[in-house]
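Note sheet for the following structure.
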Amino acid sequence: MKKFLKKAAAVACAAVMTLGVLSACQSESKELVLGTNAAFPPFEFTTTNGVVGNYDGIDICIGKKIADSMDRELKVEDMEFDGLVAAVKSGKVDMAVAGMTATDERRQSVDFSDTYYTASQVIITNPDNTDINSAEDLKNDKTVGVVLGYTGDGIVTDDLEVEESKITRANRGIDIVQDVKNGKLDAVVIDRETGVALAEKEGLRFVEDPEVFEAEEYAIAVKKGNTELLEQINSVLREMKESGEIEEIANQYNQ
Ligand code: ARG
């Protein structure tokens, strides 16, 4: 994302937040702790002048809106994605807003809000790698990068059954995409918006394959049984969906 666009996005988020920001300033309420992994633009990333401290992105805007609606201050806890479900489960964070796909496996450990964004996986590859044009092609002796614990990891490992010795697991999408750029890996499988943003930034190519990469629904995770917070989150999401605000924010950050 270009610098001025980031700025525009932050302004857009701030504009729709005006009411909430005022109410948050007037209160000295308890913090609402948002857990995330801020290496996932445009949903969460770090920047000099973010919506909350150095944190910015679609999810941070949504989290801010939720905190404002409860008259609480939003605190962002940045951690490895793979540790988020445990952090929600243990109460270290109140909610995970992290472009997290609501999967059946995760539902065994946490409760999910209504969904707020539909995504899917894409393949990032070098423009020179002309023989990667579908998910199937990744099984053809290709080295594939994923981010540890992302849904893309599960798809490459369990669905596509790419040979274990060909898979590299990183902690951040940003790092693994660099490995495609410098030729260490043939491809990376990652969520579409992040993948496309990183591919465009690095001059890489992306490949879609909707038959294999099914729709994934992002939702907010809370501790099992925390229905009070879950209902509050759902009412904010409902309002933001009905007013078109989520779409508006997403469009701004997806530019
Ligand atoms: N949607 C994918 C998943 O749920 C990836 C999410 C990564 N999010 C992040 N903030 N790093 O597994």
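Start counting the sequence shown at 88; every next residue gets the next number (the numbering used here).
Virtual Cβ for every residue (Gly too), placed ideally from N, Cα, C.
None of these values were measured; they are calculated from a predicted model.
Span separating the alpha-carbon of residue i from that of residue j
i           : j           : result
residue 197 : residue 341 : 28 Å
residue 336 : residue 141 : 18 Å
residue 218 : residue 272 : 14 Å
residue 276 : residue 296 : 11 Å
residue 270 : residue 287 : 17 Å
residue 108 : residue 220 : In this predicted model, residue 108 has a pLDDT of only 46, less than 50, meaning its place in the structure is not dependable; the value taken from the coordinates is given anyway. Taking the straight line from one Cα to the other gives about 46 Å.
residue 300 : residue 280 : 14 Å
residue 324 : residue 182 : 14 Å
residue 328 : residue 246 : 32 Å
residue 320 : residue 312 : 14 Å
residue 200 : residue 306 : 6 Å
residue 239 : residue 177 : 25 Å
residue 266 : residue 146 : 27 Å
residue 163 : residue 255 : 29 Å
residue 204 : residue 253 : 31 Å
residue 171 : residue 274 : 26 Å
residue 202 : residue 318 : 13 Å
residue 248 : residue 242 : 8 Å
residue 226 : residue 155 : 47 Å
residue 250 : residue 314 : 41 Å
residue 193 : residue 124 : 16 Å
residue 322 : residue 214 : 44 Å
residue 120 : residue 210 : 33 Å
9 Å Cβ cutoff met for residue i and residue j
i           : j           : result
residue 151 : residue 138 : yes
residue 122 : residue 132 : no
residue 232 : residue 283 : no
residue 149 : residue 180 : no
residue 174 : residue 260 : no
residue 302 : residue 222 : no
residue 308 : residue 187 : yes
residue 292 : residue 212 : yes
residue 168 : residue 235 : yes
residue 310 : residue 289 : no
residue 262 : residue 208 : no
Where the beta strand (DSSP E) through residue i begins and ends
i           : result
residue 310 : 303-310
residue 206 : 197-206
residue 163 : 160-165
Limits of the unbroken alpha helix (DSSP H) element including residue i
i           : result
residue 155 : 145-156
residue 123 : It is not in any alpha helix (DSSP H) - residue 123 instead sits in the beta strand (DSSP E) that spans 118-123.
residue 30  : No answer is possible for residue 30: the residues shown for the chain start at 88 and end at 342.
residue 338 : 332-341
residue 179 : Residue 179 -> no alpha helix (DSSP H), and no H or E assigned at all.
residue 192 : 191-194
Residue i beta carbon near the ligand ARG (any heavy atom closer than 8 Å)
i           : result
residue 246 : no
residue 146 : yes
residue 300 : no
residue 186 : yes
residue 303 : yes
residue 355 : Because the chain in this structure spans residues 88 to 342, residue 355 falls outside the shown range and cannot be described.
residue 341 : no
residue 329 : no
residue 131 : yes
residue 127 : yes
residue 260 : yes
residue 343 : Lying outside 88 to 342, the shown extent of the chain, residue 343 is not represented and no answer is given.
residue 278 : yes
residue 213 : no
residue 220 : no
residue 141 : no
Closer than 8 Å: residue i CB and nearest the ligand GDP heavy atom
i           : result
residue 237 : Absence of the ligand GDP from the depicted structure is noted, with the ligand ARG being the only ligands included.
Those runs of the beta strand (DSSP E) which lie wholly inside the stretch 219-295 and span at least 3 residues: 231-234, 254-257, 274-278, 292-294
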